[in-house]
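For reference, the structure is listed below as structure tokens.
Numbering (UniProt numbering), first residue to last: 1 to 241.
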């Protein structure tokens with residue numbers, strides 16, 4: 001009877017035919033060694049095949065997805081002494097900025113959200129402008145009201161005039177010198193171009209080719225010329241009566 005072997009094909013190899021003589025122990029060990037070499041070679045080729053398949057899989061696979069660009073920009077704050085208009089920070093959306101009265105905007109008044117997640121322009125700031133009332137132009141207890149490049153005096157009951165310089169009931173200075181009086185008193189110019197005296201009052205005159213607008217202090221070209229803004233008081237004539 002042939003000795004037991006772990007594999008059926010070894011049994012067949014040891015006893016190819018019934019009643020045939022069995023392989024010797026030496027022959028059987030040699031056959032096992034050959035089989036081990038064969039299996040080792042198959043294992044090596046199998047591992048190499050797996051490595052090649054993995055490399056080809058990596059080459060044929062899709063590239064990693066690109067990093068998505070941000071769809072919005074960081075939130076913006078209103079400047080101190082100013083306001084912000086716009087609450088959406090998505091790409092291509094705009095945010096607008098303004099300053100409170102008496103302050104000037106420094107920086108960008110409009111900023112747009114870009115595709116890279118940043119804003120266009122520069123951060124806005126509101127800087128204080130020169131106060132027209134800083135020189136205390138109102139006399140005799142008058143209250144100065146700030147305006148855009150001008151001021152207005154609220155006079156006590158017994159005083160009148162642009163700077164509360166006249167007592168109620170006293171006649172105003174003669175018309176021909178009214179414009180010159182305000183120049184000497186250091187107040188703002190009544191008319192940026194020309195001041196025309198009237199009895200107890202005045203009016204502003206515009207240069208040739210320009211007409212006086214309804215506010216009494218601005219001139220505009222008759223044929224679409226550049227608009228000129230002349231600094232003056234809007235209701236000074238009413239205060240003089």
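We treat Cβ as the ideally placed atom computed from N, Cα and C, and that holds for glycine. Bear in mind the structure is a predicted one, so any value in this text is a computation, not a measurement.
Own chain partners of residue i with C-beta closer than 8 Å, once the 5 adjacent residues on each side are dropped
| i | result |
| --- | --- |
| residue 71 | 90 and 91 |
| residue 106 | 124, 125, 126 and 127 |
Reduced DSSP category for residue i - H, G, I as helix; E, B as strand; rest coil
| i | result |
| --- | --- |
| residue 108 | coil |
| residue 30 | helix |
| residue 118 | coil |
| residue 167 | strand |
| residue 196 | strand |
| residue 212 | strand |
| residue 36 | helix |
| residue 245 | One cannot answer for residue 245 here, as it falls past the ends of the chain, which runs 1 to 241. |
| residue 87 | coil |
| residue 282 | This structure leaves residue 282 out entirely; the chain is present only between 1 and 241. |
Distance, residue j Cα to residue i Cα
| i | j | result |
| --- | --- | --- |
| residue 146 | residue 136 | 11 Å |
| residue 23 | residue 38 | 20 Å |
| residue 203 | residue 196 | 5 Å |
| residue 27 | residue 43 | 24 Å |
| residue 114 | residue 83 | 22 Å |
| residue 30 | residue 45 | 23 Å |
| residue 242 | residue 99 | As shown, the chain starts at 1 and ends at 241. That puts residue 242 outside it, with no answer to give. |
| residue 48 | residue 112 | 57 Å |
| residue 103 | residue 80 | 10 Å |
| residue 73 | residue 101 | 29 Å |
| residue 139 | residue 154 | 10 Å |
| residue 25 | residue 56 | 47 Å |
| residue 53 | residue 36 | 26 Å |
| residue 206 | residue 142 | 31 Å |
Sequence-distant residues of the same chain with beta carbon closer than 6 Å to residue i, five excluded per side
| i | result |
| --- | --- |
| residue 76 | 95 |
| residue 133 | 144, 146 and 151 |
| residue 93 | 113 |
Spatial neighbours of residue i in its chain, beta-carbon cut-off 7 Å, leaving aside the 5 residues before and after
| i | result |
| --- | --- |
| residue 108 | 121, 122 and 124 |
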